[in-house]
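Shown next, in structure tokens, is the structure this report addresses.
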Amino acid sequence: MLKETFRGAESKLYIKDWLDLPAIYKQRIAKTYRIKELDFYFRKQRTIHEAKLLAKAKSLAGVKTPFIYEIDIPQTTIIMELIEGDQLKNLLPSFKTKKIIDICKEIGRNVGKLHHANIIHGDLTTSNILLSSKNNELIFVDFGLGYISDRLEDFGIDVYLLERAFISTHQDIYEDSWNAIIQGYKETSQYGGQIEEKIREIASRGRYSKRV
Ligand SMILES: Nc1ncnc2c1ncn2[C@@H]1O[C@H](COP(=O)(O)OP(=O)(O)OP(=O)(O)O)[C@@H](O)[C@H]1O
Ligand SMILES: [Mg+2]
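Convert by adding 180 to the 1-based position in the sequence shown; the result is the number in our numbering.
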């Protein structure tokens, strides 16, 4: 369970009740090197942008994301449901192969659903997928780099980045996991049949264009 404050490059997270509900506050932090007004404008836009995608992932794609309780614009903060559980990154290594394969298939199905709804996550890693300890569901977070697109290229990059994350973080289970992810992806995405070829093409280029 997440107990302490998290601090990323762009934001800090802390746990605090909202009304009487356990909540996470994700606050975009000021960049002091930017002009103050411009900095606030960017943080405000990004906060709204991320909240919208968190909501769209749920409503348009049917992918589980935390409920948003409030968007505090002056504080550039998203206040959302606290998911009881942990990052998949910490949990996967302790699971047996069968469970890993089941979870990876479910990751693939969920990414496929996002893409089917034209939602690109933008930062697919096992740190940004939580496993709820209440009901064993996968919950996707961190849509700050996400965007809407219907381009196969963008789907490919999203999945390619997930593959890179698996290779670097879960090397020993990579092969089984990756096959399961692609299998799950094919079940739900309209581009299931083309995704592997696209990823290979992106990998062979040795670089990719990333929209921010
Ligand atoms: N609603 C939530 N409930 C429980 N834990 C959460 C929730 N949202 C985020 N977390 C935890 O906090 C971590 C950091 O959150 P998140 O990934 O959104 O921020 P970040 O990586 O710092 O984002 P950014 O890249 O936008 O700065 C997540 O990996 C996850 O472990
Ligand atoms: Mg993150």
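Even glycine gets a Cβ: it sits at the ideal position worked out from N, Cα and C.
Residue span of the alpha helix (DSSP H) that contains residue i, given as start and end
i	result
Ile228	216 to 239
Leu271	268 to 271
Ile468	Coverage of the chain is limited to positions 181 through 392, which leaves residue 468 absent and any answer about it impossible.
Candidates the options: closest to residue i by CA position
i	options	result
Gly250	Tyr340, Glu317, Lys232, Ile300	The question names Gly, but residue 250 in the sequence shown is Glu. The residue with the shortest Cα to Cα distance from Glu250 is Lys232.
Ser274	His350, Leu240, Arg226, Leu304	His350
Gly324	Ala237, Asp197, Trp198, Lys216	Ala237
Gln370	Ser348, Leu332, Ser384, Asp356	Leu332
Val411	Tyr221, Lys244, Ser191, Ile281	There is simply no residue 411 to check, as the chain begins at 181 and stops at 392 in what is shown.
Pro254	Lys224, Leu234, Gly265	Lys224
Asn308	Ala241, Gly386, Pro246, Arg214	Pro246
Thr256	Asn359, Ile283, Lys279, Gln207	Gln207
Gly336	Ser239, His296, Arg187, Ile353	His296
Lys196	Ile347, Asp266, Tyr205, Lys279	Tyr205
Lys314	Leu294, Asp266, Leu193	Asp266
Residue i - containing beta strand (DSSP E), residue span
i	result
Glu261	257 to 261
Asp252	248 to 252
Leu310	309 to 312
Phe320	318 to 320
Reduced DSSP secondary structure (H/G/I, E/B, other) of residue i
i	result
Gln370	coil
Lys244	coil
Lys206	strand
Lys196	coil
Ser274	helix
Ser329	coil
Leu182	For Leu182, the predicted structure reports a pLDDT of 48, less than 50, and the residue's modelled location is therefore unreliable. The matter cannot be settled from this model.
Val392	Bear in mind that the predicted position of Val392 carries a pLDDT of just 43, short of 50, making it too unreliable to give a figure here.
Residue i Cβ short of 7 Å to ligand 3 heavy atom set
i	result
Pro273	No copy of ligand 3 occurs in the structure displayed; its ligands are ligand 1 and ligand 2 alone.
- Whole alpha helix (DSSP H) elements within the stretch 331 to 367, 4-residue minimum: 332 to 349
- the stretch 330 to 344 touching the stretch 284 to 298, judged by at least three CB pairs closer than 8 Å: yes
- Message: For the pair the stretch 297 to 314 and the stretch 369 to 376, tell me if three or more CB-CB distances fall below 8 Å.
- Response: no
- Would you check if there are 3 or more beta carbon pairs closer than 8 Å linking the stretch 359 to 367 to the stretch 312 to 330? no
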